[in-house]
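Undergrad: Structure below; questions to follow.
Protein chains in written order, with the working numbering: chain A, 1 to 176; chain B, 177 to 352.
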């Protein structure tokens, strides 16, 4: 096991800055490219990350600490962000992500005061018993999953354009 | 085909900032994690990107524009960066990457003055005839390939830690 809270927070606090640096000011062609039907483009991924701060990670943490395994925490609608088309710019949404993430991390530090808290358990609606440390590990891996998704979608735009050099570019080799 | 020079430069100029925001100040555990034997950790990827600025992308572009298909451009040692262990901090190397990338982009803008230049061709040592536009597309995709590699390596550190939540985290599903 590799998880520790300090290192996890290092990644969580960097994600908004990294995605801000990657996406802010980009042309629409980059922001609207995806990996095919039913997949998300970079702009939609940011909406999903904002939604996760509001309804998923810290709310679930608080729920576990309150309810334990007594009742499962509410299911998270992973597609909620697709229903709301706000018309806000990517820069506005990246700023919102940075703000809600900062608030999440402040609450996290309040709620998880000790190593012992990391071992507390709750009940995931479909996956069963879940430890706080597993939820927090998943939060970090979730950031990285969606960062990778953005990067793969962008690389895919040039799948044809790279010509013979595709053989050296593993990211273009297959979709997932 | 999706390539255009302005949009390609948008990505190329953002990569050092994005990787700087992602990696600067991280613990060694994150900087030294890889995807298994023979794969690179985030720190080594930055060294590889620096090496690419010095010996690969713009030097090859200049070679194509000078020699055309007359002679193949020199092979690029993709493992050169592994030979030199500088002992410099990640922040120093991220700064160097930003500096050499800025210089590369300045030269790129000088060398590629028109759409016509994008159609010029050279000879890749193993892949044969290569257009300037293909080389530049590959440069962009190469940035994204290695950004994805960093992110996958980091996510992989928590493969066991996420417990039952692994089923929702596609990045942990398989290596590549």
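Beta carbons: idealized from backbone N, C-alpha and C, even for Gly.
Considering only C-alpha positions, which residue in the set 120(A), 44(A), 60(A) and 32(A) is nearest to residue 93(A)?
TA: 44(A)
Undergrad: Which residue from 121(A), 160(A), 70(A) and 58(A) puts its Cα closest to that of residue 106(A)?
TA: 58(A)
Undergrad: Take residue 274(B) as the anchor and find which of 186(B), 250(B), 195(B) and 182(B) has the nearest alpha-carbon.
TA: Closest by alpha carbon: 195(B).
Undergrad: Please report the distance separating the alpha-carbon of residue 31(A) from that of residue 243(B).
TA: 37 Å
Undergrad: Between which two residues does the beta strand (DSSP E) holding residue 121(A) run?
TA: 121–124
Undergrad: For a quick check, are the C-beta atoms of residue 329(B) and residue 210(B) less than 8 Å apart?
TA: Yes, they are a contact pair.
Undergrad: Suppose the cutoff is 6 Å on Cβ atoms and the five residues either side in sequence are ignored; what does the same chain contact list for residue 184(B) look like?
TA: 312 and 316
Undergrad: Which first and last residues belong to the alpha helix (DSSP H) in which residue 61(A) is found?
TA: 57–67
Undergrad: Quick one: using the 10 Å Cβ neighbour count with 16 as the cut-off for buried, is residue 264(B) buried or exposed?
TA: exposed
Undergrad: Counting only beta-carbon atoms, is residue 279(B) nearer than 8 Å to chain A?
TA: no
Undergrad: Would you call the stretch 74–82 of chain A in contact with the stretch 14–29 of chain A, where contact means no fewer than 3 C-beta pairs closer than 8 Å?
TA: no
Undergrad: What is the DSSP secondary structure of residue 54(A), counted as helix, strand or coil?
TA: helix
Undergrad: Going by CA-CA distance only, name the one from 51(A), 114(A) and 108(A) that's closest to residue 86(A).
TA: Comparing Cα positions, the closest option is 51(A).
Undergrad: Taking 7 Å as the cut-off, does the CB of residue 194(B) come closer than this to any heavy atom belonging to the ligand ZN?
TA: The model on display carries no ligand, and the ligand ZN is accordingly not part of it.
Undergrad: Can a CB atom of chain A be found closer than 8 Å to the CB of residue 351(B)?
TA: Confidence in residue 351(B) is poor, its pLDDT being 39 and thus under 50, which makes the residue's placement unreliable; the coordinate value appears in the next sentence. Residue 351(B) does not count as touching chain A.
Undergrad: Would the beta-carbon of residue 188(B) fall within 8 Å of that of residue 319(B)?
TA: Their beta carbons are under 8 Å apart, which means residue 188(B) touches residue 319(B) by this criterion.
Undergrad: Hey, how far is the Cα of residue 186(B) from the Cα of residue 229(B)?
TA: Just so you know, the alpha carbons of residue 186(B) and residue 229(B) end up roughly 16 Å apart.
Undergrad: At least one CB of chain A closer than 8 Å to the CB of residue 269(B): is that the case?
TA: No, residue 269(B) does not count as interfacial toward chain A.
Undergrad: Distance check for residue 70(A) and residue 171(A), CA to CA, integer angstroms please.
TA: Residue 171(A) and residue 70(A): Cα-Cα distance of roughly 44 Å.
Undergrad: What does the Cβ neighbour count give for residue 16(A), buried or exposed, with the cut at 16 atoms within 10 Å?
TA: buried
Undergrad: List, in chain order, every chain D residue whose beta-carbon is nearer than 9 Å to that of residue 2(A).
TA: No chain D appears in the structure shown, which is made up of the protein chains A and B.
Undergrad: Quick check for students: name the residue ranges of the alpha helix (DSSP H) that lie wholly in the stretch 103–158 of chain A, counting only runs of 4 or more.
TA: As far as the stretch 103–158 of chain A is concerned, its whole alpha helix (DSSP H) runs of at least 4 residues are 115–118 and 132–156.
Undergrad: Can you give the Cα-Cα distance for residue 303(B) and residue 110(A), rounded to whole angstroms?
TA: 56 Å
Undergrad: Helix, strand or coil for residue 340(B), going by three-state DSSP, please let me know.
TA: helix
Undergrad: Let's test the definition: count the other Cβ atoms within 10 Å of the Cβ of residue 272(B) and tell me whether it reaches 16, buried, or not, exposed.
TA: Classification of residue 272(B): buried, given that the 10 Å Cβ count is 16 or more.
Undergrad: Excluding the 5 residues preceding and the 5 following residue 351(B) in the sequence, name in chain order all residues of the same chain whose CB lies nearer than 7 Å to its CB.
TA: Any reading at residue 351(B) must be qualified, since the residue scores a pLDDT of 39, below 50, and its modelled position is unreliable; no value is offered.
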